[in-house]
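Number of protein chains: 2
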Amino acid sequence: MSVVYEPIGVIRSSFTKLEGMPIQPVGAGESLGELQLNDEFAPGLVNLDGFSRCILIYHFHKSRGFKLKVTPFMDTVQRGLFSTRAPKRPNAVGLSIVEILSIEDNVVRIKGVDVLDNTPLLDIKPYVPRFDAWPEARCGWLETNAEKAVTISSDDRFTRGDIP
Amino acid sequence: MSVVYEPIGVIRSSFTKLEGMPIQPVGAGESLGELQLNDEFAPGLVNLDGFSRCILIYHFHKSRGFKLKVTPFMDTVQRGLFSTRAPKRPNAVGLSIVEILSIEDNVVRIKGVDVLDNTPLLDIKPYVPRFDAWPEARCGWLETNAEKAVTISSDDRFTRGDIP
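Protein sequences, first through last, are from chains S and Z.
In terms of numbering that gives the first Met the number 0, the first sequence has 80 at position 81, counting the first letter as 1, and numbering is strictly consecutive.
In terms of numbering that gives the first Met the number 0, the second sequence has 112 at position 113, counting the first letter as 1, and numbering is strictly consecutive.
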């Protein structure tokens, strides 16, 4: 059974190519962007301004193919794909938690943007600490490597045709 | 541009109907379940056992239609859809953060399951506190209401044909 989604809008950012793009919002710092929803969805944004962060669900539109073992940006050895956030996945769905700066009509201004300009946006969910914040969670191979996301930038490994 | 995904497997749970189902993992407590991936994806699960939690991206397969203003389970007034986690959305994509108990071959045993049995699974991502834990985030209308998710159960409001 296929699942078919229609983007509700696009994510605008200053990143027009993967090289040099942050690989996580924690590395995106002051990087600004916008969620530009199709006009008809603007009423759904009401009340979202009470939240300081939201969860973006989007489509890695430049991702092609996948391998089940990948060498992530933050490591030097191969890892099982589902233990990574690599964009080449069986379903190329991306997730970023970003800061909400302001909302006007169909546009949400955001901070900490780690996605390519014009990425198709599938959904926005409010970030709720009671549901989503687990600061004590163990994180395997990322235990010592997650901090690298603050400084490491992307390269083109996840869009090359040869699937690294 | 439509986005087409093929489920990588299913989420098994003890919930065969919406009535009485937890509305968030925090209300699901000891509720156990399994991710049953299609066999070919099993190699992608390597290294995931180092993580105590994972993020499930799935399709609300019983959800039909949507409204941009909804009365959430945890409130008594209408809220903008994108400030809620209601399953009736333009793209019926769901997100749950669950505990990983064990992994064997293509099966991940999980705890804190708040989804219907046989829900189509689209992706699994490792939960990484450095990326995903923001305990101080403001959460608007859920500031005083989020705790209700620990005790409130679902009803059928999000699958009824009349779209409440």
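Glycine residues also receive a C-beta, built at the ideal position from the N, C-alpha and C atoms.
Just measuring C-alpha positions, the residue of Leu-55/S, Leu-31/S, Ala-85/S and Ile-10/S sitting nearest Leu-67/S is Ala-85/S.
A residue is called buried once 16 or more other Cβ atoms fall within 10 Å of its Cβ, and Asp-122/Z is buried on that count. For Asp-122/S, the enclosing beta strand (DSSP E) starts and ends at 118-125.
Put simply, the segment 68-84 of chain Z does not touch the segment 104-113 of chain Z. Fewer than three CB pairs are less than 8 Å apart. At least one CB atom of chain Z sits nearer than 8 Å to the CB of Ile-54/S. Contact of Ala-27/Z with chain S by beta-carbon distance below 7 Å is absent, the smallest such distance being about 11 Å.
Residue ranges of uninterrupted beta strand (DSSP E) with 3 or more members, entirely inside the segment 22-69 of chain S and ordered along the chain, are 31-36 and 52-58. According to the DSSP assignment, Arg-129/S belongs to the alpha helix (DSSP H) that extends over 128-131. Residues of the segment 106-130 of chain S with a C-beta less than 8 Å from any C-beta of chain Z: Pro-119, Leu-121, Asp-122, Ile-123, Lys-124, Pro-125, Tyr-126, Val-127, Pro-128, Arg-129 and Phe-130, listed in chain order. For Val-76/S, the three-state secondary structure derived from DSSP is coil. In the three-state scheme derived from DSSP, where H, G and I count as helix and E and B as strand, Gly-93/S is classed as strand. For Gln-35/Z, no chain S residue has a Cβ inside 9 Å of its Cβ, as the nearest lies near 14 Å away. Annotated three-state conformation of Ser-101/S is strand, per DSSP.
Taking a C-beta distance under 8 Å as the contact criterion, Leu-55/Z and Val-97/Z qualify as a contact pair.
Taken in chain order, the members of the segment 72-101 of chain Z whose beta-carbon sits within less than 8 Å of a beta-carbon on chain S are Arg-78, Gly-79, Leu-80, Phe-81, Ser-82, Thr-83, Arg-84, Arg-88, Pro-89, Asn-90, Val-92, Leu-94 and Ile-96. The beta carbon of Val-2/S falls within 8 Å of a beta carbon belonging to chain Z, placing the residue at that interface. Leaving aside the five residues that flank Pro-89/S on each side, the residues in its chain whose CB is nearer than 7 Å to its CB run, in chain order, Phe-65. Residue pairing by DSSP places Ser-152/Z opposite Pro-21/Z in a beta bridge. When 8 Å is used as the limit between beta carbons, Lys-68/S is near these residues of chain Z: Pro-42, Gly-43 and Val-45, in chain order. Gln-35/Z and Val-127/Z have their C-alpha atoms spaced approximately 22 Å apart. Interface with chain S (8 Å Cβ-Cβ cutoff): Gly-19/Z is excluded. Burial check for Thr-118/S: the Cβ neighbour count within 10 Å reaches 16 or more, so the residue is buried. The Cβ atoms of Arg-52/S and Asp-116/S lie no closer than 8 Å to each other. In the DSSP assignment, Arg-84/Z falls outside any beta strand (DSSP E), carrying neither H nor E. In the three-state reduction of the DSSP assignment, Lys-147/Z falls in the helix class, which pools H, G and I. Inclusion of Pro-134/S and Thr-83/Z in the CB contact set at 8 Å is not warranted, their separation being larger than that value. Setting aside the 5 residues that flank it on each side, Asp-74/S is surrounded in the same chain by Trp-140 and Asn-144, each with a C-beta closer than 7 Å to its C-beta; the list follows chain order.
A Cβ of chain Z is located within less than 8 Å of the beta carbon of Gly-139/S. At a Cβ-Cβ threshold of 8 Å, Ala-27/Z and Gly-111/Z count as neighbours. Exclusion of the five residues before and after Asp-48/Z leaves Ile-99, Ser-101 and Ile-102 as the residues of its chain whose Cβ lies within less than 8 Å of its Cβ.
A check of alpha carbon separations from Phe-50/S across Arg-137/Z, Glu-146/Z, Asp-113/Z and Phe-14/Z identifies Arg-137/Z as the nearest. Cβ-Cβ separation between Ile-7/S and Ser-153/S: approximately 25 Å, too far for a contact (criterion under 8 Å). Ile-10/Z has a beta carbon lying at 8 Å or more from every beta carbon in chain S.
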